[in-house]
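Contents: one structure, followed by commentary.
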Amino acid sequence: MSTPAVLVLDFSQPAEEVLLAQINHDNATLITPDQVRMGYVGALPQIDSDGRNTTVYVSAAQGANLEGAGYFNYHRIDISTVPGTRSTLFTLVAQKKLSDLLPDINARFSLNLTRADIVDARLPSVAAGQTLNASLTMSARALLWTGTLALTLTR
Numbered sequence: 001m002s003t004p005a006v007l008v009l010d011f012s013q014p015a016e017e018v019l020l021a022q023i024n025h026d027n028a029t030l031i032t033p034d035q036v037r038m039g040y041v042g043a044l045p046q047i048d049s050d051g052r053n054t055t056v057y058v059s060a061a062q063g064a065n066l067e068g069a070g071y072f073n074y075h076r077i078d079i080s081t082v083p084g085t086r087s088t089l090f091t092l093v094a095q096k097k098l099s100d101l102l103p104d105i106n107a108r109f110s111l112n113l114t115r116a117d118i119v120d121a122r123l124p125s126v127a128a129g130q131t132l133n134a135s136l137t138m139s140a141r142a143l144l145w146t147g148t149l150a151l152t153l154t155r
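Numbering-wise, the numbering used here puts 4 at position 4 of the sequence shown, and it's gapless, one number per residue.
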């Protein structure tokens, strides 16, 4: 009996490409990003026995050598699990909104979060030497992520 291949996803790539790698792995297909369009993303009402908590509507792109459309269920990752032992302390310089912190967050955690992935908000005012907590909440429509990441901010 052979051991199933382990899929290692590169979260520094665009979310659509990462999800398509998962779809290809799960279905033994070789679909490319130009062949499909991803639409509605939503939480499943109940997590299934394989831990899948999300559904996405995938359809063949116009002119692609594929036909049809359907829903694909998969596991969206809780963003709070990403840091592991890495620091969630970020130093503010000129950032005014959570989205302004995305380049730093992406670099530290090897991610590719975009404004569409998060619920953007103004950052709290932080005086020099002070630390404050902030929450980076994932959008309900984020393809790969769910939940909230607790951040600590300093100036």
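Just so you know, even glycine gets a beta-carbon here, dropped at the ideal spot from N, CA and C.
request  = In angstroms with no decimal places, state the Cα-to-Cα distance between residue 65 and residue 34.
outcome  = Reading the sequence shown from its first residue, position 65 is the one you call residue 65. Reading the sequence shown from its first residue, position 34 is the one you call residue 34. Between residue 65 and residue 34, the C-alpha separation is close to 10 Å.
query = Does DSSP put residue 134 in a helix, in a strand, or in coil?
reply = Here residue 134 refers to the residue found at position 134 of the sequence shown. Strand at residue 134.
request  = Give the DSSP-derived three-state secondary structure of residue 59 in the structure shown.
outcome  = As a working note, residue 59 is residue 59 in the sequence shown. It is a strand residue.
request  = Mind checking which residues open and close the beta strand (DSSP E) that includes residue 73?
outcome  = If you number the sequence shown from 1, residue 73 lands on position 73. Residue 73 -> beta strand (DSSP E) spans 69-74.
Coarse secondary structure for residue 18, derived from DSSP in three states = Here residue 18 refers to the residue found at position 18 of the sequence shown. Reduced to three states, the DSSP call for residue 18 is helix.
inquiry  = Do residue 118 and residue 132 have their beta-carbon atoms positioned less than 9 Å apart in this structure?
reply    = Taking the first residue of the sequence shown as 1, we reach residue 132 at position 132. Taking the first residue of the sequence shown as 1, we reach residue 118 at position 118. No, these two residues do not count as a Cβ contact at 9 Å.
inquiry  = Here's a check: name, in chain order, each residue in its chain whose Cβ is nearer than 7 Å to the Cβ of residue 109, leaving out the five neighbours to either side.
reply    = Along the sequence shown, read from residue 1 onward, the residue named residue 109 stands at position 109. Correct list, in chain order: 82, 83, 86.
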